[in-house]
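> In terms of my numbering, the sequence shown opens at residue 38 and continues consecutively.
Below is a structure I'd like to ask you about.
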Amino acid sequence: MALVTTKDMFAKAYDGGYAVGAFNVNNMEIIQGICDAAGELRSPVILQVSKGARSYANHTYLTKLVEAAVAENPDIPIALHLDHGDSFELCKSCIDGGFTSVMIDASSKPFEENIALTKQVVEYAHAHGVVVEAELGTLAGIEDEVVVEAGQESYTRPEEVEEFVSRTGCDSLAIAIGTSHGAFKFKPEQCTMNEDGILVPPPLRFDVLEECTKRLPGFPIVLHGSSSVPQEFVKMINEYGGDMPGAIGVPEDQLRHAAELSVCKINIDSDIRLAMSAVIRKYLAENPGHFDPRQYLKPARQAVKDMVAHKMKNVLGSVDKI
Ligand code: G3H
Ligand code: 13P
Ligand code: ZN
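Printed below as a string of structure tokens:
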């Protein structure tokens with residue numbers, strides 16, 4: 038099968054009470070790890086490329102690697118998506134260059150400007166058979182060059198979603214309900230301590246999600262900033278020379294619940310970064326004489342695969358949904 042759009046994926050996910058994982062890709066090992074997991078578990082998957090990934094790895098290299106992943110996994114629905122497109126020109130370049138889905142993220146602009154830019158991208162994308170994700174509300178954290186300080190984020194206003202979707206014609210909508218980008222999603226003072234001494238972050242705003250769902254019945258919702266920051270990897274990074282005190286993510290059970298509702302796409306990047314960095318740090322500390330990149334990239338690729346398989350089984354619920 039060739040690359041697909043997310044249209045059928047989302048329709049099936051909505052009806053089936055699961056979500057499709059959207060994983061950020063930057064190099065060959067990440068693409069292989071993700072697609073090996075999807076292939077073995079017969080799960081649909083979205084490979085997403087940020088502006089930063091595109092300037093790091095180059096559009097042609099990334100699309101050719103994705104083409105190889107599609108050839109190696111002919112039964113698996115794979116979509117190629119632009120993550121956080123910030124201009125019409127960037128979206129157009131990805132649409133012209135073979136992507137099947139783009140995000141136009143004008144969420145930091147005033148409502149009317151967000152509508153105008155999103156609509157412009159939708160018109161071009163739909164004319165070329167490509168689907169569009171848009172965003173309303175602002176997440177805290179860092180995405181490409183945009184930094185939103187914790188406390189400056191704003192939840193999506195459910196009273197705006199119907200007008201936004203009907204005026205733009207977008208195909209899915211990212212909303213802000215308390216997730217954020219990166220590995221430091223919550224300050225310790227926002228969290229409570231459970232009986233095992235583990236910090237528990239504040240719950241996501243399911244009331245906002247439910248209100249958006251009521252106003253947009255059957256419409257696919259997207260959650261960004263959905264890494265859970267596994268503490269085993271934070272510990273490994275800190276044990277082997279890293280310094281990431283207080284890294285904390287979104288509890289997986291909350292994401293599982295969101296996937297059962299109207300959330301059809303869940304974005305995960307930081308967890309892959311953490312898994313790779315932890316495993317590479319450990320490998321090099323234990324094998325100080327090794328210098329062949331294949332030696333440490335092999336366990337790193339396996340860690341990506343294990344991480345993605347875990348998400349598909351325990352968070353997304355997307356196993357055997359091709
Ligand atoms: O939301 C941002 C993604 O994690 C991509 O990050 O812009 O550093 O590639 P990046
Ligand atoms: P995380 O930083 O939580 O992995 O979020 C990734 C993301 O939303 C990419 O768009
Ligand atoms: Zn994001």
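Here a beta-carbon is modelled for each residue, glycine too, at the ideal position from N, C-alpha and C.
From V159 to F223, what distance separates their C-alpha atoms?
34 Å
> Using DSSP bridges, identify the partner residues of M349.
DSSP, once it has assigned bridges, lists no residue as partnering M349.
> Could you tell me whether any non-hydrogen atom of the ligand ZN is closer than 6 Å to the CB of N151?
no
> For L367, does the three-state DSSP call read helix, strand or coil?
Lying before the first or after the last residue shown, residue 367 is absent from the chain, which here runs from 38 to 359.
> With distance defined between alpha-carbon atoms, name the residue in A74, I303, G326 and A213 nearest to S145.
A213
> Shorter than 6 Å, the distance from the beta carbon of G58 to the closest heavy atom of the ligand G3H, or not?
no
> For Q332, count neighbouring Cβ atoms within 10 angstroms of its own Cβ and tell me buried if that reaches 16, exposed if not.
exposed
> Could you check if I361 belongs to the surroundings of the ligand 13P, using beta carbon to heavy atom distance under 6 Å?
Outside the modelled stretch of the chain, which goes from 38 to 359, sits residue 361, for which no answer is possible.
> For I212, report the span of its beta strand (DSSP E) as first-last.
S209 to I212 is the extent of the beta strand (DSSP E) around I212.
> Are the CB atoms of V139 and K44 nearer to each other than 7 Å?
no
> Given a threshold of 16 other Cβ atoms within 10 Å of its Cβ, counted over all protein chains shown, does V266 qualify as buried or as exposed?
buried
> Just curious, the beta strand (DSSP E) that A59 is in, first and last residue?
Judged by DSSP secondary structure, A59 falls within the beta strand (DSSP E) whose first and last residues are V57 to N61.
> Put H165 into one of helix, strand or coil per three-state DSSP.
coil
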